Every structure is written in C-alpha cells, then in structure tokens.
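Novice:
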Amino acid sequence: MSFQSWVLRNFPGVLARVDSPRNQVKQLRTAVGRAQNTAFYRKRLKEAGVTRSSIRTAHDFTSKVPVTTREELLEQDPYDLLAIEPGTETLLYGQTSGSTGNPVPVWASLSEMQDGIELALALPVFRNNLRPSDRVALCYPYTRTLAGRSADLLNLMAGCTVIPIGTRNNMYPPEMAAATIARLRPTILGAAATDAFAYANILRDQGIDPQSLGIRLVVSGAEPCAPARAKALGRVYDAKVLSLLGQNEIGFPGIPCELNHMHVPQFMMFTELVHPDGSPAQPGERANTIVTPTFKRAQPLLRYVTGDTVIWHTEPCECGLPLPRMEILGRAHTLIETNGRSIFPIELEDALYSAASLDGVWYQIRVRADDVLVRAEHRDQKDYEAMAASIEKVLGDLTGKPVRAELIAPGSLYDYREIRPGKPLSRVVDEVAGRDEVVEGM
Numbered sequence: 017m018s019f020q021s022w023v024l025r026n027f028p029g030v031l032a033r034v035d036s037p038r039n040q041v042k043q044l045r046t047a048v049g050r051a052q053n054t055a056f057y058r059k060r061l062k063e064a065g066v067t068r069s070s071i072r073t074a075h076d077f078t079s080k081v082p083v084t085t086r087e088e089l090l091e092q093d094p095y096d097l098l099a100i101e102p103g104t105e106t107l108l109y110g111q112t113s114g115s116t117g118n119p120v121p122v123w124a125s126l127s128e129m130q131d132g133i134e135l136a137l138a139l140p141v142f143r144n145n146l147r148p149s150d151r152v153a154l155c156y157p158y159t160r161t162l163a164g165r166s167a168d169l170l171n172l173m174a175g176c177t178v179i180p181i182g183t184r185n186n187m188y189p190p191e192m193a194a195a196t197i198a199r200l201r202p203t204i205l206g207a208a209a210t211d212a213f214a215y216a217n218i219l220r221d222q223g224i225d226p227q228s229l230g231i232r233l234v235v236s237g238a239e240p241c242a243p244a245r246a247k248a249l250g251r252v253y254d255a256k257v258l259s260l261l262g263q264n265e266i267g268f269p270g271i272p273c274e275l276n277h278m279h280v281p282q283f284m285m286f287t288e289l290v291h292p293d294g295s296p297a298q299p300g301e302r303a304n305t306i307v308t309p310t311f312k313r314a315q316p317l318l319r320y321v322t323g324d325t326v327i328w329h330t331e332p333c334e335c336g337l338p339l340p341r342m343e344i345l346g347r348a349h350t351l352i353e354t355n356g357r358s359i360f361p362i363e364l365e366d367a368l369y370s371a372a373s374l375d376g377v378w379y380q381i382r383v384r385a386d387d388v389l390v391r392a393e394h395r396d397q398k399d400y401e402a403m404a405a406s407i408e409k410v411l412g413d414l415t416g417k418p419v420r421a422e423l424i425a426p427g428s429l430y431d432y433r434e435i436r437p438g439k440p441l442s443r444v445v446d447e448v449a450g451r452d453e454v455v456e457g458m
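The sequence shown begins at 17 in the working numbering and counts up by one.
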C-alpha cells in the first residue's frame, strides 16, 4: 500500500487539503515533465516556451500550456502520444468508444492503473461496498476500450470473485449474459443501465424475478444514467445503484459517494471550469471542463478539452467526503434550445424517470417545434394511463410545451435480446431546428 493510499484510508479528512496551491503546482509540474517525454507534447511545449520549471503557479499552467483537443489526438501516430518506451514497462492499449466519431488512441501502463485503483479502493464508496466475499459480474466492454479491463483489475485487487461477461459480443449475447447471471448469482452487477434493464426483462420473460438473484449493488457505467433512472433500476433489482461515468482518455472525472453524488478526485485530477468563450466560470454555473489527469504516466494529457458541461458544487456533501461535487450534464453539442429554455438530454431523462418508474429498456423523447412526443417501455399495462399522465405533466413543466406520452411493451422500440450496436436507438431527438438531429443515444 502506498503512503498516499494509506493516508486516504486512515485519515480521509486530509482530502480537504489535497487541492492546496503547493500540492497543485507539484502535480502540474510533474505532469508537464512527463508530457515532455512524448513526441507530441515535446514539440508543443517547446513552441509554447513551457518547461517543467516554468510552472510556478496554477495560473502559469493554465495561461502558458495550450489546450489539447480530441481532434489533435486523432491526428497523431499513437506511439507519438507515449511517454514510456515499449518494453520498459507493461503497457495496455485501448481506444475511445467512437461514440462521437473516430476513436482516440488511449495508452495506460499496468503500474499506473494499479496505483490509481489502490487510491480508489481507499475511498469509502469502494472500501465499504467491495468485499472479498462478493461475486462481481462485469458486463462492461472488454474490446477496444479499457473499461472492462480496468473493472477487472479493480475488483481483483479488492479480493472479489470476478465473472467477466462483457457486452455487445457474440460470446455473450444478452440472453446468454442473463443466463450466466442467473446461474452464478452475483452479488454485484457492473453494467450499462441499458444492459442491466435488458437482462432484467429477459429474466422476467423466463419467469425469473431479478430481485430473487441476491444482487445487492448495481454499478452503472459506460453510458450516462440520470439519478431518477438509477433509482428505477435499483427498484428492478432491489439493489443499491451507483453510477460511474468516465472518459477513456482521462479516466474518471468524478467518483460517486454512498449517496451517488459525483465527487471530483482532486488528488489525481486538475479541473478547470470555463464558459464556452474560454473565460473562467464559477461554482454553481453551467461550465465546460478542461481536465489534466495528473496520475497518467503512459499517455500524459495536459489541459484536455472534454466537451462536457457540468455544474460544480463546493458546499459540503451529506456523505462527509471533503471533495467538491460535480453534476455532469452532457456534451455541449447535445444542448437543446427550445421555447426559450436550454435543456440537456440527461435532464429530460431525469424528469421522465421522476415522473414514472419505468422498468422497460428503451424510451425515446422527440422534442418538436410545437410539442414533445414520448414513447417509453414498461411491462405492466395497468400502469400505462397513470404513468402517461404523470409524464405529460412533468415533462410539460420542464419544456414549456404540450407533451404526448405513449407507454409501450418492452422490445417495441428495440429488441433487447439482440446484440446492440453502440447506438441502436436515439433516446432524445431534437427536431426544433427543422432537422432530425440525434443529440443523445446510448
């Protein structure tokens, strides 16, 4: 156990001081030094006149170091992003999911993954919820991205029994995955919320109650999941639900607490809040994020433009963890402007599941010029009328438009037994601008 993880485990209050100016500068200087070992950053930093020793304050870093964009990473030879010579350390290669275009190369060293996981396991949310007696079914992607491999390593280091299933693959199509879950009876299920809902519906089709499996914790990841949707998923399995949302390039910009609030791991992540024009934003405002993951050694990233819009909260969380909280609203380009209001797809999803505790797999919200059309899957037809009325009221208040809601049987929008591609159906579609623009769809 490293000294830092020992401190986090035994003296969690020290987290309140990890963002001290002195510590920040030390981390940022180290990140710059590592970046200078890559062909990509060596050239960029030289052109900007930046060296490790020139970073004396956080302002030096944000004013002198140029931002890094996804497009710039795509233009590079993957090996030009490496700060470690292959053969000197164990390296893993992955790519982003490609959900917004071509995949970005992603490198990680085994040692940095182990060190990061050791720190994560010292946090209360992992320390209190992962036990050696747990059987963990992991249904995250194992191909291309590092999500499945990272989850494997985390649970193995916690001493758990790991059941690697994956998702979107021919070896474990949804029905086989559900059968494996029923047979091995895991205590923890790690899966995208969409897949977790699909497995539950497959089991119910076979007369198996998902609540009878003994799953006590569902860790939703690999796609956005609104708080109300997470609660609905928890009711399906009679389990606690925690949400993990990361980016392959940077890792996890936020880690959930016991209350499923997203906290910023400042001990391994330097986050800047900016307005769309690049000017600094304040806590409580909607802001874009520029992130420097200071723990990355194989592929350092400096001032990476994530594309995410967030709201940063500095007031203490009821969980007691002394780290700021962050609501991730979504990618800036998914914002819907309608009826004088600015709404993100995740806000529509949260309103939908707040209005109705749906247990189907898919929904679709079409925001149109004069109204909003909602089609949502749910099993029990006797709930349809009341749910539709509630959805129409809640989403009408949010959008300021008339809403027409239709409840339909699971599988009507997309067959949950099929191996799904990344985006088989767009959950939220923006028609306001006169074009059938897909703005969100996992």
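No residue lacks a Cβ here, since even glycine has one placed at the ideal position from N, Cα and C.
No experiment lies behind these values; they were computed from the predicted model shown.
According to DSSP, Leu289 sits in a beta bridge with which residue or residues?
Specialist: For Leu289, which the question treats as bridged, DSSP gives the partners Thr305.
Novice: I'd like to know whether the C-beta atoms of Leu261 and Val235 end up nearer to each other than 9 Å.
Specialist: No.
Novice: Do Asp375 and Arg395 have their CB atoms nearer than 9 Å?
Specialist: Yes, these two residues count as a Cβ contact at 9 Å.
Novice: In chain order, which continuous runs of the beta strand (DSSP E) of length 3 or greater are located wholly inside the segment 344-413?
Specialist: DSSP runs (the beta strand (DSSP E)) wholly in the segment 344-413: 352-354, 357-359, 379-383, 388-393.
Novice: Can you look up Arg151 in the DSSP assignment and give me helix, strand or coil?
Specialist: Correct three-state label for Arg151: strand.
Novice: Quick one: complete beta strand (DSSP E) runs, 3+ long, within the segment 70-130?
Specialist: Here the runs fully enclosed are 107-111, 121-125.
Novice: Can you tell me where the alpha helix (DSSP H) with Thr210 in it begins and where it stops?
Specialist: Looking at the DSSP string, the run of the alpha helix (DSSP H) that includes Thr210 is 209-221.
Novice: If you draw a straight line from the alpha carbon of Cys333 to that of Glu365, how long is it in whole angstroms?
Specialist: Their Cα atoms are separated by approximately 24 Å.
Novice: Give me the residue from Arg165, Pro121, Lys256 with the minimum Cα distance to Met129.
Specialist: It is Arg165.
Novice: Three or more C-beta pairs closer than 8 Å, one from the segment 286-298 and one from the segment 237-252: is that the case here?
Specialist: Segments in contact, no.
Novice: Go ahead and label Asn217 buried or exposed: buried means 16 or more other beta carbons lie within 10 angstroms of its beta carbon, across all protein chains shown.
Specialist: That one is buried.
Novice: With distance defined between alpha-carbon atoms, name the residue in Ile362, Ala64, Ile271, Leu318 nearest to Pro338.
Specialist: Of Ile362, Ala64, Ile271, Leu318, the residue nearest in Cα terms is Ile271.
Novice: Quick check on Lys256: does DSSP put it in helix, strand or coil?
Specialist: Three-state result, Lys256: strand.
Novice: Taking 7 Å as the limit between beta carbons, can you name the residues of its chain near Glu331, skipping five residues before and five after?
Specialist: Excluding residues within five positions, none has a Cβ falling inside 7 Å.
Novice: Taking only the alpha-carbon atoms, compute the straight-line gap between Thr67 and Ile327 and give it to the nearest angstrom.
Specialist: Cα-Cα distance, rounded: 32 Å.
Novice: On the DSSP bridge assignment, give the partners of Ile327 in chain order.
Specialist: Paired residue(s): Arg302, Glu343.
Novice: In angstroms, rounded to a whole number, what distance separates the CA positions of Thr46 and Pro37?
Specialist: One C-alpha to the other measures close to 14 Å.
Novice: Count the C-beta pairs between the segment 134-145 and the segment 209-223 that are closer than 8 Å, then say yes if the count reaches three, no if not.
Specialist: The segment 134-145, when compared against the segment 209-223, does not touch it at the 8 Å Cβ threshold.
Novice: Near Ile71, which residues of its chain fall below 7 Å by C-beta distance, leaving aside the five closest residues on each side in sequence?
Specialist: The answer, listed in chain order, is Val41, Leu44, Arg45, Val48, Phe77.
Novice: For Asn355, collect the residues of the same chain with a Cβ closer than 8 Å to its Cβ; drop the 5 residues on either side in sequence, then sort them by chain order.
Specialist: The answer, listed in chain order, is Thr415, Gly416, Lys417.
Novice: DSSP puts Ser236 in a beta bridge; with which residues?
Specialist: DSSP output for Ser236 lists Ala207, Ser259 as bridge partner(s).
Novice: Count the other CB atoms within 10 Å of the CB of Gly65; is the residue buried (16 or more) or exposed (fewer)?
Specialist: Its Cβ having fewer than 16 others within 10 Å, Gly65 is exposed.
Novice: Val135 and Phe283 look like a contact to me (Cβ under 8 Å); what is the Cβ gap, rounded to whole Å?
Specialist: For the sequence presented, residue 135 should be read as Leu rather than Val. The pair is a contact, with the Cβ atoms about 7 Å apart (cut-off 8 Å).
Novice: Is any non-hydrogen atom of the ligand SAH found closer than 8 Å to the C-beta of Asp386, if you look at the structure I gave you?
Specialist: With respect to the ligand SAH, the structure shown offers nothing to examine, as it has no ligands at all.
Novice: Round the Cβ separation of Ile197 and Leu229 to the nearest angstrom and send it over; I've been treating them as touching at under 8 Å.
Specialist: Yes, they are in contact, since the Cβ atoms of Ile197 and Leu229 sit about 7 Å apart, within 8 Å.
Novice: I need the DSSP call for Glu63, collapsed to helix, strand or coil.
Specialist: It is helical.
Novice: Check Ala242 in the structure and name its three-state DSSP category.
Specialist: Three-state result, Ala242: coil.
Novice: What's the gap between the Cα of Asn186 and the Cα of Tyr156?
Specialist: Roughly 14 Å between the two C-alpha positions.
Novice: What does the alpha-carbon distance come out to for the pair Ile407 and Val81?
Specialist: Using only the alpha carbons, I get a separation of about 47 Å.
Novice: Please return the same chain residues whose Cβ sits closer than 7 Å to the Cβ of Ala242, not counting the five positions on each side in sequence.
Specialist: Closer than 7 Å at Cβ, skipping near neighbours: Ile362, Glu365, Asp366, Tyr369.
Novice: What are the boundary residues of the beta strand (DSSP E) that Ile179 is part of?
Specialist: Element bounds for Ile179: 177-180.
Novice: Tell me the rounded alpha-carbon separation between Leu98 and Arg384.
Specialist: Answer to the nearest angstrom: the Cα atoms are 46 Å apart.
Novice: Compute the Euclidean distance between the alpha carbons of Cys176 and Leu162, then round it to the nearest angstrom.
Specialist: Answer to the nearest angstrom: the Cα atoms are 19 Å apart.
Novice: Which term fits Asp452, buried or exposed, when burial requires 16 or more other beta carbons within 10 angstroms of its beta carbon?
Specialist: Because Asp452 sits at a pLDDT of 49, beneath the cut-off of 50, its placement in the model cannot be relied upon, and the point is left open.
Novice: How far does the alpha helix (DSSP H) with Arg420 in it extend, from its first residue to its last?
Specialist: Here Arg420 belongs to no alpha helix (DSSP H); instead the beta strand (DSSP E) covers 419-424.
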